[in-house]
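One structure is given here, and the rest of the page talks about it.
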Amino acid sequence: MSVQMTEIRWHARGGQGAKTAAMFLAEAVLEKGKYGQGFPEYGPERRGAPMRGYTRIADAPIRRHCMIEHPGIVIILDPTLLDSPAAAVTAGTGEGTVFIVNTTETPAFISDKLGIKGAEVHTVDATGIALDTIGRPIPNMPMIGALLAVNDMMTVEELKGALVTQLGSKFSQVVIDGNLNAVDRANKELVSA
Amino acid sequence: MEQKLVALSGNEAVAYAFKQALPHVAAVFPITPQTEMMHKYAEFVANGESDTEMILVESEHSAMSAAVGASAAGARTFTATSSAGFALMWEVVYIAASLRLPICMALVNRALSGNINIHCDHSDSMGGRDAGWIHLFAENAQEAYDNAIMSWRIAEHMDVRLPVMVNYDGFIISHTADALHMLPDDVAYKFIGKYKADYALLDVENPITVGPLDLTDYYFEHKASQLAAYPRALEVIKKVSDEFGELTGRYYDHCEEYMMDDADMVMVMLGSSAGTAKDVIDEYREKGVKVGLLKIRTFRPFPFDYLSKVLAGRKAVAVLDRSASYGGQGGPVFMELRHAMYGQQVPIYSYIYGLGGRDFDLHQVETVIKDLQKVAAGGEMNNVNLLGIRS
Numbered sequence: 000m001s002v003q004m005t006e007i008r009w010h011a012r013g014g015q016g017a018k019t020a021a022m023f024l025a026e027a028v029l030e031k032g033k034y035g036q037g038f039p040e041y042g043p044e045r046r047g048a049p050m051r052g053y054t055r056i057a058d059a060p061i062r063r064h065c066m067i068e069h070p071g072i073v074i075i076l077d078p079t080l081l082d083s084p085a086a087a088v089t090a091g092t093g094e095g096t097v098f099i100v101n102t103t104e105t106p107a108f109i110s111d112k113l114g115i116k117g118a119e120v121h122t123v124d125a126t127g128i129a130l131d132t133i134g135r136p137i138p139n140m141p142m143i144g145a146l147l148a149v150n151d152m153m154t155v156e157e158l159k160g161a162l163v164t165q166l167g168s169k170f171s172q173v174v175i176d177g178n179l180n181a182v183d184r185a186n187k188e189l190v191s192a
Numbered sequence: 000m001e002q003k004l005v006a007l008s009g010n011e012a013v014a015y016a017f018k019q020a021l022p023h024v025a026a027v028f029p030i031t032p033q034t035e036m037m038h039k040y041a042e043f044v045a046n047g048e049s050d051t052e053m054i055l056v057e058s059e060h061s062a063m064s065a066a067v068g069a070s071a072a073g074a075r076t077f078t079a080t081s082s083a084g085f086a087l088m089w090e091v092v093y094i095a096a097s098l099r100l101p102i103c104m105a106l107v108n109r110a111l112s113g114n115i116n117i118h119c120d121h122s123d124s125m126g127g128r129d130a131g132w133i134h135l136f137a138e139n140a141q142e143a144y145d146n147a148i149m150s151w152r153i154a155e156h157m158d159v160r161l162p163v164m165v166n167y168d169g170f171i172i173s174h175t176a177d178a179l180h181m182l183p184d185d186v187a188y189k190f191i192g193k194y195k196a197d198y199a200l201l202d203v204e205n206p207i208t209v210g211p212l213d214l215t216d217y218y219f220e221h222k223a224s225q226l227a228a229y230p231r232a233l234e235v236i237k238k239v240s241d242e243f244g245e246l247t248g249r250y251y252d253h254c255e256e257y258m259m260d261d262a263d264m265v266m267v268m269l270g271s272s273a274g275t276a277k278d279v280i281d282e283y284r285e286k287g288v289k290v291g292l293l294k295i296r297t298f299r300p301f302p303f304d305y306l307s308k309v310l311a312g313r314k315a316v317a318v319l320d321r322s323a324s325y326g327g328q329g330g331p332v333f334m335e336l337r338h339a340m341y342g343q344q345v346p347i348y349s350y351i352y353g354l355g356g357r358d359f360d361l362h363q364v365e366t367v368i369k370d371l372q373k374v375a376a377g378g379e380m381n382n383v384n385l386l387g388i389r390s
């Protein structure tokens with residue numbers, strides 16, 4: 000359609016923080032003078048169940064409220080979803096779709112598995128990074144760090160600023176520092192095909 | 000005045016708007032997707048940011064009863080619900096309006112059972128359309144916030160004194176993080192103003208009776224006086240909206256007209272789907288298709304005169320309803336609108352869409368535009384249509 004916007008679809012399992020990430024990113028880009036819209040797809044809300052989240056980012060106010068049909072970027076927080084027909088991680092994707100997958104496998108291996116011709120596949124061990132830095136296997140914030148390695152919607156420093164604001168009132172300095180480290184590391188450790 | 004740009008869910012935005020009115024009482028009972036709104040409000044109270052008395056009740060029937068009691072006592076009062084919760088309030092919803100109590104309520108629109116569905120449609124609000132409340136609808140979190148701010152001024156206006164329902168789409172608006180401008184607390188409160196109940200039960204110097212037995216002698220006269228309030232409410236809504244526009248730069252009327260000046264074909268709808276339709280309209284406008292959108296903000300009182308004027312002479316009109324009237328002809332908005340157009344030779348078609356949260360996507364808007372093009376060119380189609388359903 001005629002409106003220029005970045006559309007992101009998040010795939011995760013309940014409890015991995017994809018809802019938080021999808022909505023947080025929509026808020027974080029405001030500082031850049033951009034507009035964001037973030038929402039999860041609500042179904043049975045239980046830990047471990049496959050879920051999707053959506054984020055739209057544009058230079059103008061976002062008016063549409065429909066689901067994202069053809070995401071430009073697909074972020075997969077749990078690699079086991081690649082094998083789940085119900086998760087349908089490749090739905091609506093095609094040539095030029097950017098996939099960012101939390102996995103210890105290589106981009107070539109994941110690319111093969113996805114089987115989308117012309118897709119751009121990147122990988123990062125976000126769970127490993129989260130365990131090292133935050134001490135818990137919550138890959139959501141590192142995945143945003145990884146996203147910024149392939150998209151210039153904002154800089155890593157700007158993301159970290161927004162993260163401090165977001166986490167500041169709720170979490171200890173240790174947790175905040177862990178998240179900031181996680182973002183930095185994932186941004187640097189993203190592997191591209 | 001600086002208005003802060005923030006990203007909030009619709010529920011959070013409305014919680015802020017209610018807080019800014021410094022209400023005395025909130026009657027609280029949870030139901031998805033409303034729960035998060037009162038959850039946010041409870042946070043304000045727990046953090047000492049609001050001194051609203053939160054009355055936790057055991058059902059929605061009790062929530063509306065508590066709201067009626069508090070409002071009759073003289074307190075600025077609000078509550079919130081969705082779907083089945085609203086249905087359970089039923090008899091007391093009528094009482095609130097009949098007693099002319101200026102209660103504000105967020106109705107986070109959700110389908111009614113069965114089968115059980117937590118997602119958006121407008122069946123809840125439409126079920127209560129004849130109860131006497133003012134119904135305002137919103138396209139996004141900004142409009143939900145703005146309507147919630149304005150709702151107090153409308154409800155408490157002495158020409159109105161009716162409860163106001165601030166409708167916004169469940170999940171689609173309530174749970175979506177969206178950018179919006181918020182008023183500073185002092186500016187919002189100055190606009191809303193301090194509430195003084197003119198006839199309060201707790202005003203012991205001036206004792207009154209509220210809600211007594213009212214039979215064949217005077218009940219009808221009381222209803223006649225209530226009926227007379229709705230045309231005045233339309234005027235007050237416009238006046239308050241104009242004043243709000245001067246303050247914020249965001250102007251509202253009973254409807255929003257989008258690309259309507261030269262539109263031969265018009266889509267009419269309420270709520271979040273209007274935003275989606277605008278994006279598709281832009282695309283068809285680029286191709287030279289004269290299509291426009293009429294988004295209804297005030298559903299009760301229904302702006303009959305406004306609609307009959309603005310739709311006069313159009314070639315084809317599609318009314319999209321996010322609810323059905325079982326056994327009726329087309330959806331509730333369609334029926335009202337066609338009634339408003341009585342005597343005019345404008346072809347009007349009904350579409351039912353999005354029941355139970357079925358995604359209203361760009362393709363569905365295109366389908367409607369293509370249908371309108373067909374009938375505007377002299378073709379025929381069904382009077383009542385289902386949109387976005389498996390064939």
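Which chain is which? The protein sequence lines are P and X, in order.
Counting from 1, position 151 in the first sequence corresponds to residue 150 in numbering that gives the first Met the number 0; the numbering is continuous, with no gaps.
Counting from 1, position 329 in the second sequence corresponds to residue 328 in numbering that gives the first Met the number 0; the numbering is continuous, with no gaps.
For each residue, glycine too, the CB sits at the ideal point set by N, CA and C.
Treat the numbers as computed from the prediction; the structure is a model and nothing was measured.
Return no unless some Cβ of chain X is closer than 9 angstroms to the Cβ of residue i.
{"i": "His64 of chain P", "result": "yes"}
{"i": "Phe38 of chain P", "result": "yes"}
{"i": "Met0 of chain P", "result": "In this prediction, Met0 of chain P has a pLDDT of 44, which is less than 50 and means its spatial position is unreliable; what the coordinates show is noted afterwards. Answer yes: the Cβ-Cβ gap between Met0 of chain P and chain X drops below 9 angstroms somewhere."}
{"i": "Glu68 of chain P", "result": "yes"}
{"i": "Leu29 of chain P", "result": "yes"}
{"i": "Ala21 of chain P", "result": "yes"}
{"i": "Pro60 of chain P", "result": "yes"}
{"i": "Glu6 of chain P", "result": "no"}
{"i": "Ala25 of chain P", "result": "yes"}
{"i": "Gly91 of chain P", "result": "no"}
{"i": "Gly35 of chain P", "result": "yes"}
I'd like to know whether the C-beta atoms of residue i and residue j end up nearer to each other than 9 angstroms.
{"i": "Asn80 of chain X", "j": "Val107 of chain X", "result": "Reading off the sequence, residue 80 of chain X comes out as Thr, not Asn. In contact: Thr80 of chain X and Val107 of chain X (Cβ atoms closer than 9 angstroms)."}
{"i": "Ala125 of chain P", "j": "Ala86 of chain P", "result": "no"}
{"i": "Tyr194 of chain X", "j": "Glu155 of chain X", "result": "yes"}
{"i": "Met259 of chain X", "j": "Ala375 of chain X", "result": "no"}
{"i": "Ile128 of chain P", "j": "Glu188 of chain P", "result": "yes"}
{"i": "Gly37 of chain P", "j": "Thr34 of chain X", "result": "no"}
{"i": "Tyr93 of chain X", "j": "Gly131 of chain X", "result": "yes"}
{"i": "Ile115 of chain P", "j": "Thr92 of chain P", "result": "yes"}
{"i": "Gly330 of chain X", "j": "Ile347 of chain X", "result": "no"}
{"i": "Gly270 of chain X", "j": "Arg321 of chain X", "result": "yes"}
{"i": "Ile137 of chain P", "j": "Gln15 of chain P", "result": "yes"}
{"i": "Val159 of chain X", "j": "Leu135 of chain X", "result": "no"}
{"i": "Glu119 of chain P", "j": "Ser168 of chain P", "result": "no"}
{"i": "Arg8 of chain P", "j": "Gly52 of chain P", "result": "yes"}
Within 9 angstroms (strictly less), CB to CB, does residue i reach chain P?
{"i": "Glu138 of chain X", "result": "yes"}
{"i": "Lys289 of chain X", "result": "no"}
{"i": "Thr208 of chain X", "result": "no"}
How would you write the range of the beta strand (DSSP E) that residue i sits in, first residue to last?
{"i": "Gln223 of chain P", "result": "The structure shown does not extend to residue 223 of chain P, since chain P is modelled only from 0 to 192, so the question has no answer here."}
{"i": "Val309 of chain X", "result": "Run containing Val309 of chain X: none in the beta strand (DSSP E); it sits in the alpha helix (DSSP H), Phe303 to Val309."}
{"i": "Arg299 of chain X", "result": "Thr297 to Arg299"}
{"i": "Met181 of chain X", "result": "Ala176 to Met181"}
{"i": "Thr76 of chain X", "result": "Thr76 to Thr80"}
{"i": "Leu113 of chain P", "result": "From DSSP, Leu113 of chain P is part of no beta strand (DSSP E) but of the alpha helix (DSSP H) over Pro106 to Leu113."}
{"i": "Leu179 of chain P", "result": "Looking at the DSSP string, Leu179 of chain P is not in any beta strand (DSSP E); the run it does join, the alpha helix (DSSP H), is Gln172 to Glu188."}
{"i": "Ala26 of chain X", "result": "Val24 to Val27"}
So, is residue i buried or exposed, given that buried needs 16 or more other C-beta atoms within 10 angstroms?
{"i": "Arg109 of chain X", "result": "buried"}
{"i": "Ala223 of chain X", "result": "exposed"}
{"i": "Gln172 of chain P", "result": "exposed"}
{"i": "Gln363 of chain X", "result": "buried"}
{"i": "Phe85 of chain X", "result": "buried"}
{"i": "Pro32 of chain X", "result": "buried"}
{"i": "Val203 of chain X", "result": "exposed"}
{"i": "Glu26 of chain P", "result": "buried"}
Over the uninterrupted alpha helix (DSSP H) stretch that includes residue i, give me the two end residues.
{"i": "Pro230 of chain X", "result": "Ala228 to Thr247"}
{"i": "Lys39 of chain X", "result": "Thr34 to Ala45"}
{"i": "Glu204 of chain X", "result": "No alpha helix (DSSP H) holds Glu204 of chain X; DSSP gives it neither H nor E."}
{"i": "Leu166 of chain P", "result": "Val155 to Gly167"}
Just list the residues that DSSP pairs residue i with in beta bridges.
{"i": "Thr54 of chain P", "result": "P:Ile7 and P:Gly37"}
{"i": "Phe98 of chain P", "result": "P:Val73 and P:Val120"}
{"i": "Phe136 of chain X", "result": "X:Asn166"}
{"i": "Tyr257 of chain X", "result": "X:Leu292"}
{"i": "Lys31 of chain P", "result": "Its beta-bridge partners do not exist; DSSP assigns none."}
{"i": "Met142 of chain P", "result": "None; Met142 of chain P has no bridge partner."}
{"i": "Met264 of chain X", "result": "X:Val290 and X:Ala315"}
{"i": "Pro49 of chain P", "result": "P:Arg12"}
Tell me whether residue i, by its Cβ, gets closer than 8 angstroms to a heavy atom of the ligand SAH.
{"i": "Met4 of chain P", "result": "Annotation note on the ligand SAH: not contained in the displayed structure, which lists no ligands."}
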